[in-house]
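Position in the sequence shown counted from 1, then plus 478, gives you our numbering. Encoded as structure tokens, the structure appears first; notes follow it.
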Amino acid sequence: MPLLEPNPQTLRPTAPGSPAHDRVAGHLASGTPEPLRGDLTALLGPDKVLHKISDLVRYASDASPYRFVPQVVVVAEDLDDISAVFSYAHGKGRNVVFRAAGTSLNGQAQGEDILVDVRRHWSGIQVLDNGARARIRPGTTVLRANTALARYGRLLGPDPASALACTLGGVVANNASGMTAGTTRNSYRTLASVTLVLPSGTVVDTAEPDADAELAHAEPALCAGLLALKAEIEADAELVARIRAKYRIKNTNGYRLDAFLDGATPVQILRGLMVGSEGTLGFLAETVFDTLPLDRRTSSALLFFPTLSAAAAAVPRFNEAGARAVELMDGNTLRASVSVAGVPADWAALPKETTALLVEFRAPDEAAQEAYERAAAQVLAELEPVAPVASVTNAFTRDPAVIGGYWKARKAFVAAVGGTRPSGTTLITEDFAVPPDRLADACTALLELQVRHGFDAAVAGHAAHGNLHFLLAFDAAKPADVARYAAFMDEFCRLTVRRFDGSLKAEHATGRNIAPFLELEWGPRATELMWRIKQIVDPHGILAPRILLDRDPQAHLRGLKTIPETEAVADPCIECGFCEPACPSGDLTTTPRQRIVLRREMLRQPPGSPVTTELLDSYGYDAVDTCAGDSLCRLSCPVGIDTGALMKDFRHRRHSPREEWAAAQTARQFKAVEKAARLAVAAADRIGDRLTASLTRAARRAVRPDLVPEWLPRIPGAAARTLPATRRAGAAAVYYPACVNRIFGEPAGYRGPSLPEAVVAVSQRAGRPVWIPSDVAGTCCATIWHSKGYERGNVVMANRIVEAAWGWTAGGTLPLVVDASSCTLGLAREVVPYLTPDNRALHAELTVVDSVVWAAEELLPRLEILRTVGSAVLHPTCSMQHLGDEAQLRRVAEACAREVVVPDDTGCCAFAGDRGMLHRQLTESATAKEAAEVTSRHFDAHLSANRMCEIGLDHATEGRGYYSALLALERATRPVPQPPSGAHLNA
479 MPLLEPNPQT LRPTAPGSPA HDRVAGHLAS GTPEPLRGDL TALLGPDKVL HKISDLVRYA
539 SDASPYRFVP QVVVVAEDLD DISAVFSYAH GKGRNVVFRA AGTSLNGQAQ GEDILVDVRR
599 HWSGIQVLDN GARARIRPGT TVLRANTALA RYGRLLGPDP ASALACTLGG VVANNASGMT
659 AGTTRNSYRT LASVTLVLPS GTVVDTAEPD ADAELAHAEP ALCAGLLALK AEIEADAELV
719 ARIRAKYRIK NTNGYRLDAF LDGATPVQIL RGLMVGSEGT LGFLAETVFD TLPLDRRTSS
779 ALLFFPTLSA AAAAVPRFNE AGARAVELMD GNTLRASVSV AGVPADWAAL PKETTALLVE
839 FRAPDEAAQE AYERAAAQVL AELEPVAPVA SVTNAFTRDP AVIGGYWKAR KAFVAAVGGT
899 RPSGTTLITE DFAVPPDRLA DACTALLELQ VRHGFDAAVA GHAAHGNLHF LLAFDAAKPA
959 DVARYAAFMD EFCRLTVRRF DGSLKAEHAT GRNIAPFLEL EWGPRATELM WRIKQIVDPH
1019 GILAPRILLD RDPQAHLRGL KTIPETEAVA DPCIECGFCE PACPSGDLTT TPRQRIVLRR
1079 EMLRQPPGSP VTTELLDSYG YDAVDTCAGD SLCRLSCPVG IDTGALMKDF RHRRHSPREE
1139 WAAAQTARQF KAVEKAARLA VAAADRIGDR LTASLTRAAR RAVRPDLVPE WLPRIPGAAA
1199 RTLPATRRAG AAAVYYPACV NRIFGEPAGY RGPSLPEAVV AVSQRAGRPV WIPSDVAGTC
1259 CATIWHSKGY ERGNVVMANR IVEAAWGWTA GGTLPLVVDA SSCTLGLARE VVPYLTPDNR
1319 ALHAELTVVD SVVWAAEELL PRLEILRTVG SAVLHPTCSM QHLGDEAQLR RVAEACAREV
1379 VVPDDTGCCA FAGDRGMLHR QLTESATAKE AAEVTSRHFD AHLSANRMCE IGLDHATEGR
1439 GYYSALLALE RATRPVPQPP SGAHLNA
């Protein structure tokens, strides 16, 4: 065992109350039982079978109010794996549930037996027919698909609010639609074809010309059964009329019965049935979508009305004017949205009765946009909006930033409102639809129902389509609260069906919450047809039992999850999963949501629980050590939960007093440490990668892998011992070369000035000279200590650098230019909590500017570009995302290269200072997709804005040679050498 191995018990939480009734039983502490574990390992291989209790717990929660712990998790890689699992389940009498993003709101991504992860190895998009169609794998997010399609001026029809996280497999399986899809742009209407695996293992590509012949040969009983149901339905005129009427409004409750009316053959019927089937009829292995025009010209307004009924009355007017989207948010929703960055703070003072409509028109060209704007203005002139607070304008705008803010507030409905719920409560998210002309009545009735049952009233939704969403928060640990929820659901379902003839599920699919009420909406005749569909396609019942069909009238009350109160920073989490695509460790260990889910399970357990012990044994590496700490999760989370900050706090908790003392001493003696580090890099460069790597691996085994970095191939040599000479007099800014750029040089094979030399030179050329203080050695932005949770060292260095920077900049009169984006973030923001009150005052006077921003805004307008390269690929760092500097990086790159590419799969490299050297597998996993994209073609330049990220990308791309965009700018603007006086030009 290493000398400084941390004690996992330092992270053992103390549960505040009695053990939760839904805690994982102690006998499951050892994980997947035998023979299930052994069988699947033998069948698929050990790398595809997740069996630790921590694996089972982290997959047990999704965005829904339910929690079911699987017996095992299979990470399927291909169709052979899917077919093998189906065959095993059939032979052993087991069942299978699929999980991709886990953003489903009603437990569709949870199972109690074999859970199959179909996200990790199932992403990818192939654009077809110049963007008219797209072949998309089921683990691909909607955002990723639309990013690829945007180059062709196209997009997908479905546009759910969770587009950044939800995957196309789930979108189709739930027929999720969103803001603009309605009934004409959803998956059912835009899915051209699908490749599916039936429960028998038969693979069907519905696009193949001979698909029906092949299916008839492989599955004669299934084909006969589907055609018999089609004939039976078509022979019942009353049923046909009812089916058609039900789908005139949005409806995802039950199987898609109109598939029998729209499809002429078994394959065509299956294609329709798979939409909204929630994984109960087969596995969606691939989809082909017909895409739609992007219509890039947008005009939007957020219009405020005094009452809900006044807002609802305006909806049909905007529909008639051609609005693409009309979204409704009631007063409670608007007030809760202030927790979302960018939402005006004065919304918190809006009257409770206030209701807003987000109205948007989209057009392909200027003429169409102007026509829409004239129509909108005419409608608006005939309405009476209100302006209860100063930020309300009630005006249409084309400003993308303003429009983006409106949509961010609207899309954050679930997490923003849910994030303000009382601690310890479970969140239910429901949606339903009514005929659009009944919208106002339905809103009023719903709000009255919520109040009568003691729930906070809040409603939002796609008003243009009569589709409303609401939230219920209750404590699943309290039987009285569960009974109150049950009474509400009974009355709500009767109200929706009997008073409004509405859909109990408009776009979230049936799920566990509505399955018991399926017959209430559809009646016994249609419901029995759905049971027969299931029997025909899945006769052995191996797929997703009790998710869409359930005869238990109390099924929606089974498996409701308790939410133990946890650390304050994570407590608002509703487990929505929006954070997961941004997390660099998601394909290696755990995601931010899973880190919180595991913590909550520990809090459900009694003292001395073997489950908690096992979870803690895994948590150190799976959650704490392999968190990059980049906090991109905070940017994705609608309520701003920073799980990275929580993991840094956990690192701090694991430190002994001696470790904290040593870290503080390192900060105090950093000038010597910096010099020693540069000498060590130089020595390693001389003795070679192989020997250096062997030495560091031995030290890691002896001390601790999370303390001693591993030497990696292609780490650059040492930086120059001295920095460029500069003058303070006349300087336009103070230039602070980050310690990483004082220690590490440029990539192997690079010929040219160092980064400090380049920054000095290009600033001088632009007439904006910079000054490097003579005493920068021994200072640092403190990120080294902050990222590792060394609080005492962090305090020492944070205060030292702020005091020094204040002096260098003459009390903040000059900007401080920093040449590493993570250091810019550290100096601008992350040091603040660790400063003394006096130094906080000094910090407030500083202007910290990233070197890329300095170049884009101060230098480029004053420079002449003399040469460019053909192509450059960019890696925007995670720190730049926090700082909002990505556009400036692109601007600098576009000045230096004729073609600039940001990979579609770019993300945090997870090198995170030296974390990529502590856990190289973290960076390798985080960069795999981006690296594949980068290495698939030639680029003349590989650019970024942080030396350690550049090293990480070099490692990932096998030495493509990433370097700072400032070096590229220096080369692009370097004067052409003039020949000596009197010399011939061709000499």
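C-beta atoms are modelled at their ideal positions from N, C-alpha and C, and glycine is treated no differently.
Can you tell which of the options has the C-alpha that lies nearest to the C-alpha of residue i?
{"i": "residue 486", "options": "569, 573, 1134", "result": "1134"}
{"i": "residue 665", "options": "683, 679, 646, 657", "result": "646"}
{"i": "residue 1407", "options": "618, 514, 631", "result": "618"}
{"i": "residue 959", "options": "904, 673, 1080, 1182", "result": "904"}
{"i": "residue 1049", "options": "1114, 1161, 1119", "result": "1119"}
{"i": "residue 955", "options": "1215, 1409, 1014, 543", "result": "543"}
{"i": "residue 886", "options": "660, 528, 1280, 807", "result": "807"}
{"i": "residue 839", "options": "851, 832, 583, 829", "result": "851"}
{"i": "residue 1124", "options": "691, 1073, 944, 1322", "result": "1073"}
{"i": "residue 1384", "options": "1401, 1353, 1392", "result": "1353"}
{"i": "residue 635", "options": "1308, 644, 657", "result": "657"}
{"i": "residue 695", "options": "562, 745, 1146", "result": "745"}
{"i": "residue 1278", "options": "1290, 1294, 1269, 1260", "result": "1260"}
Less than 7 Å separating the Cβ of residue i from some heavy atom of the ligand ATP?
{"i": "residue 1242", "result": "Although the ligand ATP was asked about, the structure shown includes no ligands whatsoever."}
Do the CB positions of residue i and residue j come within less than 8 Å of each other?
{"i": "residue 990", "j": "residue 931", "result": "no"}
{"i": "residue 502", "j": "residue 535", "result": "yes"}
{"i": "residue 728", "j": "residue 981", "result": "yes"}
{"i": "residue 1062", "j": "residue 1030", "result": "no"}
{"i": "residue 497", "j": "residue 878", "result": "no"}
{"i": "residue 675", "j": "residue 760", "result": "yes"}
{"i": "residue 1204", "j": "residue 1238", "result": "yes"}
{"i": "residue 1337", "j": "residue 1274", "result": "no"}
{"i": "residue 470", "j": "residue 906", "result": "As displayed, the chain neither begins before 479 nor continues past 1465, which places residue 470 out of reach and without an answer."}
{"i": "residue 897", "j": "residue 817", "result": "yes"}
{"i": "residue 530", "j": "residue 509", "result": "yes"}
{"i": "residue 1281", "j": "residue 1320", "result": "yes"}
I think residue i touches residue j, with their Cβ atoms under 8 Å apart; what is that distance to the nearest whole Å?
{"i": "residue 654", "j": "residue 1055", "result": "With 8 Å as the limit, residue 654 and residue 1055 do not qualify as a contact, their Cβ atoms being about 14 Å apart."}
{"i": "residue 707", "j": "residue 701", "result": "Not a contact, Cβ separation roughly 11 Å."}
{"i": "residue 1359", "j": "residue 1334", "result": "Incorrect: roughly 16 Å between the Cβ atoms, too far for contact."}
{"i": "residue 1304", "j": "residue 1148", "result": "Rounded, the Cβ-Cβ distance is 14 Å, inconsistent with contact."}
{"i": "residue 1427", "j": "residue 1355", "result": "5 Å"}
{"i": "residue 776", "j": "residue 663", "result": "16 Å between Cβ atoms; not a contact."}
{"i": "residue 1011", "j": "residue 717", "result": "Actually they are not in contact, since the Cβ atoms of residue 1011 and residue 717 sit about 14 Å apart, beyond 8 Å."}
{"i": "residue 643", "j": "residue 581", "result": "5 Å"}
Which residue marks the beginning of the beta strand (DSSP E) containing residue i, and which one marks its end?
{"i": "residue 945", "result": "945-952"}
{"i": "residue 604", "result": "603-606"}
{"i": "residue 1067", "result": "Taken as a continuous stretch (DSSP letters only), residue 1067 belongs to no beta strand (DSSP E), as it is neither H nor E."}
{"i": "residue 940", "result": "937-940"}
{"i": "residue 1328", "result": "1326-1328"}
Taking the continuous alpha helix (DSSP H) assigned at residue i, which residues delimit it?
{"i": "residue 1155", "result": "1148-1165"}
{"i": "residue 1279", "result": "1269-1286"}
{"i": "residue 1357", "result": "1356-1361"}
{"i": "residue 1302", "result": "1299-1303"}
{"i": "residue 559", "result": "557-570"}
{"i": "residue 1096", "result": "1088-1097"}
{"i": "residue 777", "result": "Where residue 777 is concerned, there is no enclosing alpha helix (DSSP H), although the beta strand (DSSP E) it sits in stretches over 775-783."}
{"i": "residue 577", "result": "It is not in any alpha helix (DSSP H) - residue 577 instead sits in the beta strand (DSSP E) that spans 574-577."}
{"i": "residue 926", "result": "917-930"}
{"i": "residue 1122", "result": "1121-1132"}
Is there a Cβ of chain D sitting closer than 8 Å to that of residue i, yes or no?
{"i": "residue 1419", "result": "The structure shown contains no chain D, having only a single protein chain."}
Run through the segment 1365-1438 for me and flag every whole beta strand (DSSP E) of 3 or more residues, listed as ranges in chain order.
1375-1379, 1419-1422
Going along the chain, which unbroken runs of the alpha helix (DSSP H) with 4 or more residues stay wholly within the segment 793-851?
809-814
For a minimum of 3 consecutive residues, which ranges assigned as the beta strand (DSSP E) are wholly contained in the segment 614-699?
669-675, 681-683
3-residue-minimum beta strand (DSSP E) runs that sit fully inside the segment 1181-1265, ordered along the chain:
1211-1214
Uninterrupted beta strand (DSSP E) stretches inside the segment 511-554 (no shorter than 3 residues)
550-553
Contained alpha helix (DSSP H) runs [length at least 4] in the segment 958-1038, N- to C-terminal order
989-992, 996-1015
Only counting runs of 4 or more residues, tell me where the alpha helix (DSSP H) segments fall wholly within the segment 709-748, in order along the chain.
715-724, 737-740
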